[in-house]
Every structure is written in structure tokens, then in C-alpha cells.
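If you read the sequences in order, they're chains A and B. Going by this note's numbering, 92 is the number at position 99 of the first sequence; the sequence numbering is gapless. Going by this note's numbering, 370 is the number at position 231 of the second sequence; the sequence numbering is gapless. For glycine and all other residues, C-beta sits at the position ideal for the given N, C-alpha and C. If you're wondering where the values come from, they're calculated on a predicted model, not measured in any experiment. Everything below concerns the one structure shown next.
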Amino acid sequence: MVETTPGGGAHSAALDTFPKLLLDRAERYRDAHAAREKEFGIWQSWTWHELAEGIQDLACGLAELGFQRGDKIAIIGDNRPRLYASMCAAQALGGVPVPMYQDGVAKELQFVVNHAEVRFAIGEDQEQVDKLLEIKDACPRLETIIYDDPRGLRKYEQSYLFSYKQVQEMGRGRREKDPGFFTAEVAKGSGSDTAIILYTSGTTGNPKGVMLSHDNIIITARNSVERDGLRQEDEVLAYLPMAWVGDNLFSFGQAYVAGFCVNCPESGATVMQDLREVGPTYFFAPPAIYESLLTNVMIRMEDAAGIKQKMFGYFMAVAKRVGTQILDGEAVSTKDRLLYWLGGILVYGPLKNTLGLSRVRIAYTAGEAIGPDIFDFYRSLGINIKQLYGQTEAAVFVTMQPDGEIKPDTVGTPAPQVEIRIADNGEVMYRSPGVFQCYYKNPEATAETKTEDGWVHTGDAGYIDEDGHLKIIDRAKDVGKLNDGSMFAPKYIENKIKFFPQIKEAVAFGNERDYVTLFINIDLDAVGNWAEKRNIPYASYQELAARPEVIELIQENLRKVNIDLAADAHLSGSQIRRFLILPKELDADDGELTRTLKVRRRIIAERYAPLIEALYSDQRRVAMQTQVTFEDGRTGTIKADVELRNVPGVAPVAKAS
Amino acid sequence: MPGRDRSNGETLLEVNNVSLAFGGVRALENVSFDVRKGEIRAIIGPNGAGKSSMLNVINGFYHPQEGEITYKGRTRKQMRTHDAAAQGIARTFQNIALFKGMTTLDNIMTGRNLKMKVNLLLQALYFGPARREEMEHRAFVERIIDFLEIQAIRKTTVGRLPYGLQKRVELGRALAAEPDLLLLDEPMAGMNTEEKEDMCRFVLDVNEEFGTTIVLIEHDMGVVMDISDRVVVLDYGRKIADGTPDEVRTNKEVIDAYLGVAHD
């Protein structure tokens, strides 16, 4: 089978593994940049030729150290070109890289290293090496540890510890003796070999090792590269964890397929500055990053001179009115076009430049729901930000939004060669060339997730809308039913509510109840600011949360949510009937949130059971008392008299018309 | 625990019978101790014990009335600040003394001052050798920035930085002078636990990577016991103990004077 890639040239089926792609890229794009890294304040770069040479040295060095076909190599550290290179080096020898989360503690590492039967490990620096040394005794199979950055490691004398440079040095010796070794090893590989094992964190139990083949990743990458027209000249910034499947696709899979350049930031703290310097053309970020970029802009605009603020306000209004239409190629009046063009020179251009997004052709977001305001803000500036829906088990791409068909609340249509169906219980299922081989050493979990004929359970509930776009509502196991039989999707409702800056956290109740009710946590900064401007005095979170003005503010927000919900035929029954503002902030120290700040429904429902009962009664007020844990570990009690409010309902749009 | 034998036995600095008085106040009385090359030497003591005065004597800021100092084999009655700097002594201060309006990068560049050889005119014109020199110094400063992991604040004005980071920048500036002897005056004061841990690691790394001899004043006993090779204890301007952390910890006089009387 011969296909043409956007990078130009024939793409034969012989290029079915990453090492084979590497050798081809080193010929085809010899002097084009493959990787960049900022070090000592200067961007250092590697061409495809240099990259391939370095990888050959490393691979041959690993072979000298006894690396065998089928061996696993753990990779742990920030995004570094040399760590990406080590993935390909291991693959060239028929090995399997196992990237791990760089901030994982030794105990977490130990599980993965043992479960994956890792013999070799590459750590970025002393921090990672220390962790690996700590678990070494508990990991009998782990033999060799290699590090990239030698700082602080000078006095380490373990015989099994090598620097990346030392290994490459050994490799050069091997290459002189045995020049055909590398190409012969590469030729032994085939597309059905396992290319990588990615451990997914999982909310319960131990992490599972998702095995993806070269075919899984290369075919998926090729399909997505073609769909979005990615090309060799593109630039990406590699800043999300290497252990995450998205980074493996964006910064490794697609980079090898399209031949574009992967830029690694100087450090985790400099990502935003590096983003600005690199100016990527293809960019991925989770919603939280887009949100914080926008917040920074707004804060800085408030400090700007009056005339600048006016200009910004005026042209952002223009962009809001016509920006997304222009981006989607719809008809817009000549006057508005002219204004938008002027705004581009005066506001949008400089703004995009400050954000580091002026060269972006395609930007993606995924992982969480993105606020429609945030989404529209970027699109109205002319930044083509789109949503996709993906999973580790699918080598990322399940659905993606096609250009010109962008809706803030759906995740798009199926990616090329992906089939989608909705199971009877509302769960989304898919089948694609990217579907993983299996969970490593876990046939039960594999059988639970993947059917005999290759369909994968996503665990997410959703439906396909009238335009064929997939809409994800909630985790399938969290979706319940109201007493009248209509669907109740708590997280969907909560996400909608949390888009209001005044609301920090929301917990929805309604499963097997007559109607939906809510606990609210207000955002102390946002509401505090709002209160100060209105001369509303308060001394604490508890006091502010009990102010009638604040309760009315929240009530008004919830009324808007109800209007939105009424417009959705599937969810109009989920309108919010009653709510209260909790007198304390939900806190991970009290066990109410997980450490990653996700709501723990069950614990909250137990602890605040009297409040929930009050929400399902006619009471106007309820007295409550609860324990809190302070930061220093002491505990105290909060007593409060909490007000309950009703929210006006809205007639469902479908029924009204 | 890293080995406690960082020094190679050679003496870098010797303080002999130094006494310092401000009018009637005796800040230091007949204090003697030595600092070996490559070690981390701590000076501890209650408030007003004369610790900072001791550092000021070493780098020539105060001139003692009695006693003498031997540094790199040369004995003198007193150091002069410029001499001290030229001889490879650098320091940080208890109250941060950075140029608040300048960036991190520029502040650290000022630490290269003594290493700049080209004349002022060429520097101002940024021409020829001046340009080459500036590039060399910048490269050196970038290594320090990388070492201290402050890349993200390279171009940030120092006045806008939190205290812990300012302390780090100040250490950076001292390192820029490529010192043989580094004097740190309470490098961890006012820091939270995490910042302290970071700073400890940097101090140990400086000592290990560059072989810099370090004399530090610190109040956090945990820190002192963890990272120093030998400890001098001052009380009311007098030396009351001198030895390894373990020796000092169990010294009766020190416990009474400084750590409080043990109850068990």
C-alpha cells in the first residue's frame, strides 16, 4: 500500500516501526530540525540526521550493556529530547519503553517497574536517579540505571549507574566494530510489535499498563496528520508528561510521521515563556491552561492605561460578534470584516503574540469540559482551537472536531477509521486501528474493557447529536436517573455551573430523587472582589457565603444554567430546583476532595446527610455543624445556620415550541 | 548521609584571637577558629552572639582591634573588603542586599564585576573585546541560573520576587564571583520547609560541584546539624564550643547557653 503524506513523498508500508521511520526521516529531512531544547538560556537543536546518529549510538550502547529484544526500559523525567530519543533507541532493539510520571513518588515507581519487569531505567537527573536507587532493592529485575543530567551525581559510585554520554560512547565503539548491527536490528521489527506500555493512573486499584503497537500509534498518527494537514515545517512544544498518551502522540508519533520539530522547554516553570519564544504552529493544552492564559490577560488588561482598555474592550466586542464566523468561513458584512481586520492589527495580533499563539494553525484541547466563554475567546481571536476526545486505549484519537464544524459542547465526529456506537446503557464504545493490544499481564481487565470483536468500552456516557457529533455527558457509572425516569448526569451539571467564575465547586444530587439539588462552594477571590466593590463587609468564607446578596448572585447564575438545560432535550429534566452554599470550603484535608481536587461524592453525601435531607424538604433554613482540619493538623468545629433557596424552573424548549 | 570528610585537611582560613568592640560593647572577644579547605563550617549562637560580626571581620567589613586573620597562607591584621573579594571571598547578607529594580540576570551579572577586564569605554560602546567578554560572562551566569533552577525568573525584576527566590538570586550573585570561600549569613531565614530543603540542596551542591568552602550562619539547628562538617558556637562574643555537630550537640555548655537545658 502506498500513500502520500503531507510531508511529501511516498510512504510505504515498510515504514511500520518508529526506528524505520527514523532512518527514513534522517535521509529525507536530513538537515531539517527534529528537536530543540532550551539550555543555558539558548535553544539548542538537533537535525533529523543528528537525532538519528545519537539514537544509533545510544541503541548500540544499550546493546553493549546487554539490552535484549523484548526488554522493558523505564523512562522518567521532564520532556527532554534525549529521553524521547531513548524511546526510539529501545524500540530499535526490539525493546519496549515504559515512560513514567516524573513527579511520581518512589512507591508508585516501584509498582510500575516491578509490574512491567523493567531491566533498564533512564532518569533525567539526580532527583529521578535517587528515586530509582531507593527502589532498586525492591525491584530484583532492575539492573541498569542511566541518567541524562550528571549534576550532583559525581560521587555516586554504583557499578550499574551510567551516564547517557557513557552509554553513547560505548555505542560508538560497538558501531565501529559492527557497523551493520543497528540496521539489522531495526529490520527485525514489525508493525505488530509492542511499541510502548503506558500506565494509566486509574481511579481505583493499581495502574494498568496499556500496550500499544507500532501499528496502533503510526496508523493513528498518520490518519490524524492527514486529517489536519500537519506538515514537516510544523512546530510543537512538548511540555505535558511523557507518560501521558497525548504527549506520546503529539511529540513522538505525529512528529516522526510528519517529520516536524519537537521543542522542549527549559524547565517546568518556564513553559509559558518558552511557548512565546517557540510560537508553535500545532498546540495542545488541557482547558485549565487556556483558562489561566486568559485570566493572565484579563488581569494585565485591568492594569493597562485607560485608552488601551477601551480599545481592547471595543475590539474584543467586535471579535465576539464576528470572529468565530470569520474563522468558520461564514458570511460577515464588509464593515465588520474591516473592523475585524483593524482589530487584528491593533489588538488581536499583539495579544496572540503575547500568548505565544500567533503562529498556531491548529490547537486542540481535551480531557475536561472547556468553558464556552474561554473556547469562544480564543476562536474569536482567529485561533483555530478544537476539541477532541481520546483515550490511552485508543492511541488518543476517538473523535475530533473537523474544521468549520466547531461546537463548544461536543467533541466532534469520529476520527478517520474510527467507528463509534452507543451501548444500551448509554456508554460510548469505539473500534479503530488504534485500539490497544491489551493491558499488560491483566487479561481480566482487558476482557472487561475490550470485546472479542475489538470494541472498547470508554466508561463515558454520551450520545450522538443531530449533526453526528459526539457529546460526552459524564462517567457512565456516575450517571443515574431521577424518579421520573429522566437522565441525571451530575458531573455534566457541575461542570456547567463551575464555568461561572464566582463558583469554585458544586456537588449535584438527584439520583433516585424527585429533582436535582446542589451544594455550592463560592470562589473566595472572585466573590470577595465582587463584594468589596459593593461595600459588602465580610470577615471569612463562612460569613461571605451566608450574605443574602451572595446567595442571590448564585441563584441568578443557576437560573441561567436552567435556561441552558431546558434547551437540551436529553437533560431538561435535570434543572436545578434547590441549592445551598456550604459554610466551609470542601477540602482534601477533610477527605472531601481527592488530592487532585476531584469531588468525593460518597463522603460528602455521608457527612452532610442532614443538609441533603433539608434540600428535599420545604425547610427554609437548616442548622449544621461539621469538623474541619486546619493546615497544621489541628481540628475544629464549624457551626452554621444555612439558608436554602429555590431556583426558578424553565419550561423545556422542546415542549414549549 | 553524605560523608563528613569534605575537607582535605588543608587550612584555608585561620582566625586568631580576634577581638572587636564598638565603643564599650564587646562584640567579639578573643575568638579563634579555623576553616579547612572544602568544608562546610557553621557558626551558631543566640541572637547578639557576634555571628554576623564575625563574618564581617572575615570579609573585611569590620576591622578588629586585636587579633589576626590568616587567609590562603597570608596573615594580616585586617582584611579590606575589596581585597577580600579579589582574593575569592564572596558573601550573602542577612537582609537581602540586591538591586531591587534590576532583573535576576543583571543582578547576577554584577557578581562578575571583578572578572571584567575590558575598560569602561569599550564596555559602554559594546565593541570588540567587550562584546566577546560580555558573552563569556553571560554564558557563565546562565550556568548559575541553570544550577539554581531560576530560569523562569531570569528576566523578572528582583523586587517583585518572593523572599525565598531573592535569597536564591543573592546566592547566585555570590557564586558569579567564582569564590573560594563563600560566607552565607542566615541563608534559610524566613523560609518555609520546602524552600529550606531546596536551599540546603543548593548549598551542598555548591560545595560538591565547585569545591567551594562555605562558612554559614544559621538558626535552624536541623539544617546546621545536617549539612555542616564542623560547628563553632559563639555566646556573648566568646567561643564556647568548636567541633563536629555531634560533639557540639552533646556539649553541656552549648546546651545550657543556647539549646536550652535538656530535661531527660
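| request: Check the Cβ of B/I182 against every Cβ in chain A and list those closer than 8 angstroms, keeping chain order. | output: The contacting residues do not exist; B/I182 stays about 26 angstroms from chain A at best.
| field | Cα-Cα separation, A/E420 to A/E228 | value | 36 angstroms
| query | Using a Cβ cut-off of 8 angstroms, which residues of the stretch 258 to 291 of chain A contact any Cβ in chain B, in chain order? | reply | E259, S260, A262, T263 and Q266
| request: Taking 8 angstroms as the threshold, find out whether the stretch 479 to 491 of chain A comes into contact with the stretch 425 to 442 of chain A through three or more Cβ pairs. | output: no
| query | Between the stretch 147 to 164 of chain B and the stretch 632 to 643 of chain A, do at least 3 Cβ pairs fall closer than 8 angstroms? | reply | no
| request: Let me know if A/E226 comes out buried or exposed under the rule of 16 or more other beta-carbons within 10 Å of its beta-carbon. | output: exposed
| Where A/F276 sits in the DSSP three-state scheme | strand
| field | C-beta neighbour in chain B for A/G147, strict 8 angstroms | value | Per the sequence shown, residue 147 of chain A should be read as Arg rather than Gly. A/R147 counts as touching chain B.
| query | Are the beta-carbon atoms belonging to B/L237 and B/E309 less than 8 angstroms from one another? | reply | yes
| task | Please list the partners that A/F623 has in chain B, where partner means a Cβ-to-Cβ separation under 9 angstroms. | result | In chain order: nothing, as chain B lies at least about 16 angstroms away.
| Would the beta-carbon of A/V654 fall within 8 angstroms of that of A/I190? | In this structure chain A extends from -6 to 650, so residue 654 of chain A is not present and cannot be described.
| Same chain, Cβ closer than 7 angstroms to A/L374, neighbours up to 5 away in sequence not counted | A312, G316, Y341, L344 and K345
| task | Compare the C-beta of B/R312 with all C-beta atoms of chain A and state if any pair is closer than 8 angstroms. | result | no
| task | Identify which residue in A/G166, A/Q119, A/P494 and A/D417 has its Cα closest to the Cα of A/E284. | result | A/P494
| Using a Cβ-Cβ cut-off of 8 angstroms (strictly less than) and excluding sequence neighbours within five positions of B/M330, which residues of its own chain qualify? | Y302, G303, K306 and M338
| Cα separation between A/T628 and A/S244? | 46 angstroms
| Does the distance from the C-beta atom of B/T352 to that of B/E178 stay below 8 angstroms? | yes
| query | Would the stretch 546 to 553 of chain A and the stretch 457 to 465 of chain A be scored as touching if the rule is three or more Cβ pairs under 8 angstroms? | reply | no
| Along chain A, which residues have their Cβ under 9 angstroms away from the Cβ of B/A316? | Neighbours of B/A316 on chain A: none; closest Cβ ~19 angstroms, over 9 angstroms.
| task | Give the straight-line distance between the Cα atoms of A/R269 and B/L300, rounded to the nearest whole angstrom. | result | 21 angstroms
| message | With a threshold of 7 angstroms on Cβ separation, who are the neighbours of A/N247 within its own chain once the five nearest residues in sequence on each side are excluded? | response | Looking at the sequence shown, residue 247 of chain A is not Asn but Gln. The answer, listed in chain order, is A214, S217, V218 and L223.
| query | For the alpha helix (DSSP H) that A/P603 lies in, which residues bound it at each end? | reply | A602 to L608
| message | Spatial neighbours of A/F174 within its chain, please: C-beta separation below 8 angstroms, excluding the five flanking residues on both sides. | response | C53, A56, R167 and R168
| Any beta-carbon of chain A closer than 8 angstroms to the one on B/Q290? | yes
| query | Hey, does B/R406 have any beta-carbon neighbour from chain A nearer than 8 angstroms? | reply | Here chain B covers residues 140 to 403 and nothing more, so residue 406 of chain B does not appear.
| Continuous beta strand (DSSP E) stretch holding B/T150: start and end | T150 to F161
| So, does the CB of A/R144 fall closer than 8 angstroms to a CB anywhere in chain B? | yes
| field | Inside the stretch 35 to 90 of chain A only - alpha helix (DSSP H) runs reaching at least 4 residues | value | 41 to 57 and 74 to 85
| query | For the stretch 364 to 379 of chain A against the stretch 394 to 407 of chain A, are there 3 or more C-beta pairs whose distance is under 8 angstroms? | reply | yes
| query | Whole beta strand (DSSP E) runs in the stretch 332 to 356 of chain B with 3 or more residues, listed along the chain? | reply | 352 to 356
| field | CB of A/D453 within 8 angstroms of CB of A/I355, strictly | value | no
| request: Return the chain-ordered list of same chain residues with a C-beta closer than 7 angstroms to the C-beta of A/G261, the five sequence neighbours on each side being excluded. | output: D71
| What do you get for A/V(-5), buried or exposed, if any count of 16 or more other CB atoms within 10 angstroms of its CB means buried? | Any reading at A/V(-5) needs caution, since the residue's pLDDT is 40, under 50, leaving its predicted position unreliable; the model's value is listed next. Exposed, by the Cβ-count rule.
| said: 8 angstroms is my cut-off, CB to CB: does B/D344 come that close to chain A? | reply: yes
| field | Closest Cα partner of A/L348 within the set A/A416, A/V290 and A/I631 | value | A/V290
| request: Taking B/R282 as the query, report the chain A residues whose CB atoms sit under 8 angstroms from its CB, ordered along the chain. | output: F33
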